[in-house]
Amino acid sequence: MGSRDTRERPDVAVVAAARDGDRQAAEQLVGDCLPLVYNIVGRALHGHGDVDDVVQETMVRVLDGLPGLERPDRFRSWLVAITVRQIRDRWRAGRTWLTSDPLEDPGAGEAQPDFADLAILRLALSGQRREAVEATRWLEDEEREVLALWWMESAGELTRGELSAACGLTPSHAAVRVQRVKERLETARAVVRAVTASPRCPDLAPVLGSWDGRPSGLWRKRLARHVRDCPRCLRSASDLIPAEGLLAGLALVPVPIGLAGLVLARTTLAGSAGPGAGAGTRTAARGVRTTARASRTARTIGRLAAKPVTAAAVTAVTLAVAGAAWYAATGSHEPGPRHAAAAALSPGTSSEQPSARTPTSRTATPTPTPTPPRTHAPAPKAASVTAAEPRLAGRHALRSVDRPGDYASQSDRLGILGPVGATSSEAARQAATFTFVPGLADPHCYSLKDAAGRYVRHYAFRIRLDTDDASALFRKDATFCPRAGSTPGSVSLESYNYPGRYLRHRDDLQLWLDPAQDTAAYRASRSFVLVAPWS
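According to numbering that gives the first Met the number 0, numbering within the sequence shown proceeds without interruption in unit steps and concludes at 534.
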């Protein structure tokens with residue numbers, strides 16, 4: 000979904016019609032506004048678990064208050080002001096509003112992605128745009144509200160006047176607050192560049208000695224002092240493009256399927272309780288009970304929707320939830336909507352596709368099983384192959400299929416394909432040996448470590464080796480799922496957080512994370528044979 004020019008606003012006529020009770024206009028208004036509200040709330044709350052709840056409450060309050068809106072041409076400012084008020088209410092409450100049963104939470108115990116993760120993954124950001132998003136983690140909570148609004152302004156979704164009105168500030172005061180947040184974001188970008196540099200500035204090590212790997216406003220201030228006084232770190236950050244240039248025209252993070260379905264269900268119920276609905280007290284009460292049940296269901300749907308493999312099933316369930324809510328709200332006994340909802344969940348009608356292997360699948364596929372290392376052979380021999388579950392754990396070398404004398408290796412912590420043999424130096428042999436461990440983001444996949452304990456990961460799609468910084472994004476970047484290679488006995492490593500992209504070598508023998516191509520040359524370049532470790 001691309002950003003829209005600030006001139007592209009909900010039509011005043013649509014706002015007026017929705018205000019006057021036109022159900023179709025109200026639904027159109029909700030659809031138009033939901034992405035903006037979701038992005039403001041998500042960034043302001045940093046992807047907190049309450050984001051979905053705040054978005055839902057905001058949209059319900061918007062529809063509730065719409066009949067009292069005197070100036071439809073000021074709808075946008077009014078909408079954002081309500082959004083900001085709901086965000087502040089959430090911070091004052093200091094707790095989650097809805098608590099779901101742990102048994103209903105398939106992600107219990109898993110690290111949940113923050114909004115920076117979602118933006119990077121869903122918009123496939125790289126380079127300085129990715130760094131700018133990562134820098135938002137280093138801001139204080141109270142700075143995120145202004146950041147969220149300014150981000151939307153820079154992306155072309157809000158005007159400065161709308162931003163000022165939403166914050167309840169004069170334009171001059173709003174400008175001061177925006178400038179302060181921009182300066183702190185730029186400082187955070189320089190800190191991100193220094194922390195992720197390869198190799199890092201040696202003078203930074205004493206500063207990072209007690210750092211737990213979690214970005215925060217406090218650590219931004221500490222690290223900024225070093226960056227400001229260090230010529231090396233200043234040079235590293237000298238090519239940073241102003242954030243406004245990076246955000247101009249940047250797409251919004253898509254609204255999760257499950258959340259969109261729940262908002263539709265809740266706003267439909269809210270609208271049905273109005274004077275024009277004629278539903279009566281019993282229908283309204285039934286609708287409230289349905290909303291409570293649908294809320295738990297759709298919160299689960301929202302989490303599943305983040306996983307591509309479940310998208311088709313999620314769509315069917317979301318339609319069923321929305322259909323059930325519509326039925327409860329209207330009290331209709333027409334067979335059409337009920338049958339449509341039932342068909343989506345009917346035992347005789349499966350929404351799953353035939354079980355063909357797809358790049359988005361998270362289910363491990365049969366891959367080579369290594370034999371014990373042969374320590375005295377002049378060159379490694381290929382591991383044996385079985386059709387059982389993949390058992391890749393342990394130390395291996397990865398021999399290229401299309402360049403049999405070359406192995407996945409590293410140079411200055413960057414992934415390369417290089418020649419290794421019995422006469423190679425110990426350093427070269429060690430650089431081409433990796434330990435496969437359960438995936439940091441998914442134990443059904445794998446992460447690869449070198450002798451120094453650094454992990455193979457992708458950064459801006461370049462393969463490199465870095466120390467685990469304990470972030471959820473690092474764990475995803477460093478997780479690869481085994482897939483069948485181009486030849487019997489070979490394996491390909493698919494990115495966990497970029498399904499359809501594989502670790503492969505390019506013509507210059509650098510290792511990258513590249514999207515799949517239906518050519519024999521591409522398939523060979525992403526295929527490796529697991530052999531006994533060189534070191």
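We put the beta carbon where it would ideally sit given N, CA and C, even for glycine. Treat the numbers as computed from the prediction; the structure is a model and nothing was measured.
CA-to-CA distance, GLN23 to ALA196, given in whole angstroms = Indexing the sequence shown from 1 puts residue 196 at position 197. Indexing the sequence shown from 1 puts residue 23 at position 24. Going from the Cα of ALA196 to the Cα of GLN23 covers about 52 angstroms.
Any 3 or more C-beta pairs closer than 8 angstroms across the segment 455-470 and the segment 206-218 = yes
Compute the Euclidean distance between the alpha carbons of PRO532 and LEU391, then round it to the nearest angstrom.
-> Translated into positions along the sequence shown, residue 532 becomes position 533. Translated into positions along the sequence shown, residue 391 becomes position 392. Answer to the nearest angstrom: the Cα atoms are 13 angstroms apart.
Going by other Cβ atoms of all chains shown within 10 Å of its Cβ, with 16 needed for buried, is GLN178 buried or exposed?
-> To locate residue 178, count along the sequence shown from 1; it is residue 179. With fewer than 16 other Cβ atoms within 10 Å, it is exposed.
Local Cβ density within 10 Å of ASP88, reported as buried at 16 or more and exposed below that | The residue given as residue 88 occupies position 89 in the sequence shown. Result: exposed.
State the DSSP-derived secondary structure class of ALA469, mapped to helix, strand or coil.
-> Numbered from 1 along the sequence shown, position 470 holds the residue referred to as residue 469. Correct three-state label for ALA469: coil.
So what does DSSP say about ARG199, is it helix, strand or coil?
-> Against the sequence shown, residue 199 aligns to sequence position 200. If DSSP states are grouped into helix, strand and coil, ARG199 belongs with coil.
If you drop the 5 nearest sequence neighbours on each side, which residues of the same chain put their C-beta closer than 8 angstroms to that of LEU138?
-> The residue given as residue 138 occupies position 139 in the sequence shown. Same-chain partners within the cutoff: LEU146, VAL180, ARG183, LEU184, ALA187, GLY216 and ARG219.
So, is ALA193 buried or exposed, given that buried needs 16 or more other C-beta atoms within 10 angstroms?
-> Indexing the sequence shown from 1 puts residue 193 at position 194. Classification for ALA193: buried.
Report yes if the CB atom of ALA396 is closer than 9 angstroms to the CB atom of LEU529, and no otherwise.
-> On the sequence shown, residue 396 is found 397 positions in, with the first residue counted as 1. On the sequence shown, residue 529 is found 530 positions in, with the first residue counted as 1. Cβ distance < 9 angstroms, so ALA396 and LEU529 count as in contact.
According to DSSP, what are the bridge partners of SER410?
-> Reading the sequence shown from its first residue, position 411 is the one you call residue 410. DSSP lists LEU413 as partners of SER410.
Any chance the CB of SER76 is under 8 angstroms from a heavy atom of the ligand SAH?
-> As presented, the structure is devoid of all ligands, the ligand SAH included, so that no description of it is given.
Euclidean distance between Cα positions of ARG525 and HIS504 | Position 526 of the sequence shown, counted from the start, is the residue given in the question as residue 525. Position 505 of the sequence shown, counted from the start, is the residue given in the question as residue 504. Approximately 7 angstroms, taken between the alpha carbons.
DSSP on CYS480, reduced to helix/strand/coil?
-> Along the sequence shown, read from residue 1 onward, the residue named residue 480 stands at position 481. Looking at CYS480 - three-state DSSP - the assignment turns out to be strand.
Grouping DSSP H, G and I as helix and E and B as strand, with all else coil, what is VAL490?
-> Taking the sequence shown and counting its residues from 1, the one referred to as residue 490 is at position 491. Strand at VAL490.
CB of VAL61 within 9 angstroms of CB of ILE39, strictly = Your numbering for residue 61 matches position 62 in the sequence shown. Your numbering for residue 39 matches position 40 in the sequence shown. Cβ atoms of VAL61 and ILE39: not closer than 9 angstroms.
Exposed or buried, which one is ASP228 when buried takes at least 16 other CB atoms within 10 Å?
-> Position 229 of the sequence shown, counted from the first residue, corresponds to residue 228. By the 10 Å Cβ count, ASP228 comes out exposed.
Identify whether ARG361 lies in helix, strand or coil by the three-state DSSP scheme.
-> By one-based count along the sequence shown, residue 361 stands at place 362. Confidence at ARG361 is low in this model, with a pLDDT of 39, below 50, so its placement is unreliable and no value can be given for it.
State the DSSP-derived secondary structure class of HIS47, mapped to helix, strand or coil.
-> Here residue 47 refers to the residue found at position 48 of the sequence shown. HIS47: coil per DSSP, three-state reduction.
Terminal residues of the continuous alpha helix (DSSP H) containing PRO403?
-> Translated into the one-based positions of the sequence shown, residue 403 becomes position 404. Run containing PRO403: none; DSSP gives neither H nor E here.
Check each candidate in LEU65, ARG84 and ALA12 and name the one with the smallest Cα separation from VAL54.
-> For the purposes of this step, residue 54 is identified with residue 55 of the sequence shown, where counting begins at 1. It is ARG84 whose Cα lies nearest to the Cα of VAL54.
Thinking LEU492 and PRO481 are a contact (beta carbons under 8 angstroms), I'd like their distance in whole angstroms, please.
-> Counted from its first residue, the sequence shown places residue 492 at position 493. Counted from its first residue, the sequence shown places residue 481 at position 482. The Cβ separation is near 6 angstroms, so the contact holds.
Start-to-end residues for the alpha helix (DSSP H) that takes in VAL11 = In the sequence shown, counting from the first residue as 1, residue 11 sits at position 12. Counting along the chain, the alpha helix (DSSP H) containing VAL11 begins and ends at 11-18.
Start and end residues, alpha helix (DSSP H) containing TYR521 = Against the sequence shown, residue 521 aligns to sequence position 522. 519-524 is the span of the alpha helix (DSSP H), which, as asked, contains TYR521.
At what residues does the alpha helix (DSSP H) containing THR82 begin and finish?
-> Your numbering for residue 82 matches position 83 in the sequence shown. Note, THR82: alpha helix (DSSP H), 74-92.
Return helix, strand or coil for PRO369, following the three-state DSSP convention.
-> If you number the sequence shown from 1, residue 369 lands on position 370. With a pLDDT of 42 at PRO369, under the threshold of 50, the predicted position of this residue should be treated as unreliable, though the coordinate-derived value follows. Of the three classes helix, strand and coil, the one that applies to PRO369 here is coil, per DSSP.
Contact check, HIS45 vs ARG143 under 8 angstroms by CB: the rounded distance?
-> Within the sequence shown, residue 45 is the residue found at index 46, counting from 1. Within the sequence shown, residue 143 is the residue found at index 144, counting from 1. Between ARG143 and HIS45 the Cβ distance is about 6 angstroms, and since that is below 8 angstroms, they are a contact.
Distance, LEU261 Cα to LEU413 Cα | Within the sequence shown, residue 413 is the residue found at index 414, counting from 1. Within the sequence shown, residue 261 is the residue found at index 262, counting from 1. Taking the straight line from one Cα to the other gives about 44 angstroms.
Using a Cβ-Cβ cut-off of 6 angstroms (strictly less than) and excluding sequence neighbours within five positions of GLY41, which residues of its own chain qualify?
-> Position 42 of the sequence shown holds residue 41. Answer for GLY41: VAL50 and PHE114, listed in chain order.
Which same chain residues, not among the five before or five after ILE539, have their C-beta less than 7 angstroms away from its C-beta?
-> Residue 539 lies beyond the residue range present for the chain, which begins at 0 and ends at 534; the question has no answer from this structure.
So what does ARG456 bridge to, in DSSP terms?
-> As a first step, residue 456 must be located in the sequence shown, where it is residue number 457. Its beta-bridge partners are ARG463.
What residue from VAL252, ARG231, PRO198 and LEU203 has the CA that sits closest to ALA154's CA?
-> For the purposes of this step, residue 154 is taken as residue 155 along the sequence shown, with counting starting at 1. That would be VAL252, whose Cα lies nearest to the Cα of ALA154.
What do you reckon, are the CB atoms on ARG398 and PHE527 nearer than 9 angstroms?
-> Working through the sequence shown from its first residue, we reach residue 398 at position 399. Working through the sequence shown from its first residue, we reach residue 527 at position 528. In this structure, PHE527 lies closer than 9 angstroms to ARG398 by Cβ.
DSSP state of CYS444, grouped into three classes?
-> Along the sequence shown, one-based indexing puts residue 444 at 445. Correct three-state label for CYS444: coil.
Quick one: what's HIS395 bridged to in DSSP?
-> The count along the sequence shown starts at 1 and reaches residue 395 at position 396. Answer by DSSP bridge pairing, in chain order: PHE433.
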